[in-house]
Amino acid sequence: MSKKNNRTNKTLKAMTGSAFLIAISIILTRFLAPYLAIGGANSLRIGLGTVPIMIGSVIFGPVYGAIIGGSADLIGALCFPSGAYNLGFTISSLLQGVFPYYVIKLLTGKPKLRMVVSSVLLSILVLTNILFFIDHDSYKFTPSFTLTFNETTKFLFMLGLIALYSTVLISYYFISKKLKNRNEKAALRYDDAFIFCLFNETIINVLISSVWKMFYFKLDYVAMTFSASILLLFDVPVKSTIIFLLLIPVYKIYPNWEVKSKNIITVKDLEKHTKLLAD
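Note that the numbering used here has the sequence shown beginning at 9, numbered continuously upward.
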């Protein structure tokens, strides 16, 4: 009976927590996430709507994560529409709740594999930029403003972007090393939050969602991957930091996560992380 009660309580907590995260995601996405009219259409959204979805994946697992992601997009689109409904974006939102669980499950405790995966993801981003500059001589920011490239500006833009991506990778490695505490255990490490945010942004927002935009908005796929990859440079550090900080109090309230790092987050870790951000 005790085991049955524990399962029931766990299910109720998961359902209640999922409903709360769905509501937060809808609010963050539909009311606090402005669009960027890249290419003449509202094709890019700046916001934190995926943060509750990824948190749900970590705490409750991929099934609940998928439900949170899919429900947040579907309910948000039906109740607060910003255009015609598109199933593709619901699929992308659903995947936002699936991947974090498996990324942590597969990569935690494997720093070399994690570094390989992050390097591959950043290489994909650089490749999308190279393809864009090979195939395009201009970039349409808005219907009234188009940036034109020549060979020199293309080269300079590519150097700058490669430097930015390299900075993201170096920062990830530096912060994860600084936050490493071998003597104390952790629920979720900063580097785990960083890697699944990078994975989600690259695979879902850059590669998959650009397909839906190509069909839905009739926009150029390569241009959309380029736009999303630029936005990623800001999204990943911000989202991973927010998730890392939010999960510290969440762990005290609900410690029975579906997936976690090998160590438990400590106050010492948080102090080091806060000091790094301040510096």
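Beta carbons are placed, not taken as given, at the ideal position from N, Cα and C, and that holds for glycine.
Keep in mind it's a predicted model, so treat the numbers as computed, not measured.
- [ ] Round the Cβ separation of Gly69 and Leu29 to the nearest angstrom and send it over; I've been treating them as touching at under 8 Å.
- [x] One-based indexing of the sequence shown puts residue 69 at position 61. One-based indexing of the sequence shown puts residue 29 at position 21. That belief does not hold up - the Cβ atoms of Gly69 and Leu29 are roughly 13 Å apart, past 8 Å.
Task: According to DSSP, residues forming a beta bridge with Lys148 - done: Here residue 148 refers to the residue found at position 140 when the sequence shown is read from its first residue. Lys148 is bridged to Thr154.
Open item on the list: For a quick check, are the C-beta atoms of Thr146 and Phe157 less than 8 Å apart?
Closed with: Start at 1 with the first residue of the sequence shown, and residue 146 comes out as number 138. Start at 1 with the first residue of the sequence shown, and residue 157 comes out as number 149. Checking the sequence shown, residue 146 turns out to be Ser, not Thr. One thing to note: Ser146 has its Cβ within 8 Å of the Cβ of Phe157.
Open item on the list: Given a cut-off of 8 Å on the beta-carbon distance, is the pair Lys247 and Leu56 in contact?
Closed with: By 1-based counting over the sequence shown, the position of residue 247 is 239. By 1-based counting over the sequence shown, the position of residue 56 is 48. By the CB criterion at 8 Å, Lys247 and Leu56 fall inside the cutoff.
Open item on the list: Does Tyr229 come out as helix, strand or coil in the three-state DSSP assignment?
Closed with: Against the sequence shown, residue 229 aligns to sequence position 221. Reduced to three states, the DSSP call for Tyr229 is helix.
Task: Coil, strand or helix - Leu135 by DSSP - done: As a working note, residue 135 is residue 127 in the sequence shown. Annotated three-state conformation of Leu135 is helix, per DSSP.
Open item on the list: So for Leu196, helix, strand or coil by DSSP?
Closed with: The sequence position of residue 196 within the sequence shown is 188, counting from 1. Reduced to three states, the DSSP call for Leu196 is coil.
Open item on the list: What does the alpha-carbon distance come out to for the pair Phe107 and Ser179?
Closed with: Reading the sequence shown from its first residue, position 99 is the one you call residue 107. Reading the sequence shown from its first residue, position 171 is the one you call residue 179. For Phe107 and Ser179, the distance between alpha carbons rounds to 23 Å.
- [ ] Could you pull the start and end residues of the alpha helix (DSSP H) that Ala74 belongs to?
- [x] The count along the sequence shown starts at 1 and reaches residue 74 at position 66. 70–87 is the span of the alpha helix (DSSP H), which, as asked, contains Ala74.
Task: Segment limits, alpha helix (DSSP H) that includes Lys113 - done: Here residue 113 corresponds to residue number 105 of the sequence shown, with the count starting at 1. 107–115 is the span of the alpha helix (DSSP H), which, as asked, contains Lys113.
Task: Phe97, enclosing alpha helix (DSSP H) - first and last residue - done: Counted from its first residue, the sequence shown places residue 97 at position 89. Unbroken alpha helix (DSSP H) run through Phe97: 95–104.
Task: Reduced DSSP secondary structure (H/G/I, E/B, other) of Thr19 - done: Here residue 19 refers to the residue found at position 11 of the sequence shown. Assigned with DSSP and collapsed to three states, Thr19 falls in helix.
Open item on the list: Alpha carbons only, please: which of Gly25, Phe252, Pro263, Met232 is nearest the one belonging to Phe140?
Closed with: The residue given as residue 140 occupies position 132 in the sequence shown. Of the listed residues, the one whose Cα sits closest to Phe140 is Met232.
TODO: Count the C-beta pairs between the stretch 103–120 and the stretch 67–81 that are closer than 8 Å, then say yes if the count reaches three, no if not.
DONE: Yes, the stretch 103–120 is in contact with the stretch 67–81.
- [ ] Confirm, please, whether the CB-CB distance from Pro60 to Ile76 is below 8 Å.
- [x] On the sequence shown, residue 76 is found 68 positions in, with the first residue counted as 1. On the sequence shown, residue 60 is found 52 positions in, with the first residue counted as 1. In contact: Ile76 and Pro60 (Cβ atoms closer than 8 Å).
Open item on the list: So for Leu44, helix, strand or coil by DSSP?
Closed with: In the sequence shown, counting from the first residue as 1, residue 44 sits at position 36. Collapsing the DSSP output to three states places Leu44 in a strand.
Open item on the list: For a test of the three-state rule: what should DSSP assign to Leu56, helix, strand or coil?
Closed with: Along the sequence shown, read from residue 1 onward, the residue named residue 56 stands at position 48. In this structure, Leu56 counts as coil in the three-state DSSP scheme.
Task: First and last residue of the uninterrupted alpha helix (DSSP H) at Ser218 - done: Counting from 1 along the sequence shown, the entry for residue 218 is found at position 210. Here the alpha helix (DSSP H) through Ser218 covers 217–224.
- [ ] Using three-state DSSP, classify Ser90 as helix, strand or coil.
- [x] Within the sequence shown, the letter at position 82 stands for residue 90. Three-state DSSP puts Ser90 in coil, outside helix and strand.
Open item on the list: According to DSSP, simplified to helix, strand and coil, what is Tyr181?
Closed with: Counting from one through the sequence shown, the residue named residue 181 turns up at place 173. The DSSP-derived three-state label of Tyr181 is helix.
Open item on the list: Alpha carbons only, please: which of Tyr110, Phe39, Tyr93 is nearest the one belonging to Ala74?
Closed with: By one-based count along the sequence shown, residue 74 stands at place 66. The candidate whose alpha carbon is nearest that of Ala74 is Tyr110.
- [ ] Specify the secondary structure class of Phe204 as computed by DSSP and reduced to three states.
- [x] Here residue 204 refers to the residue found at position 196 of the sequence shown. Helix at Phe204.
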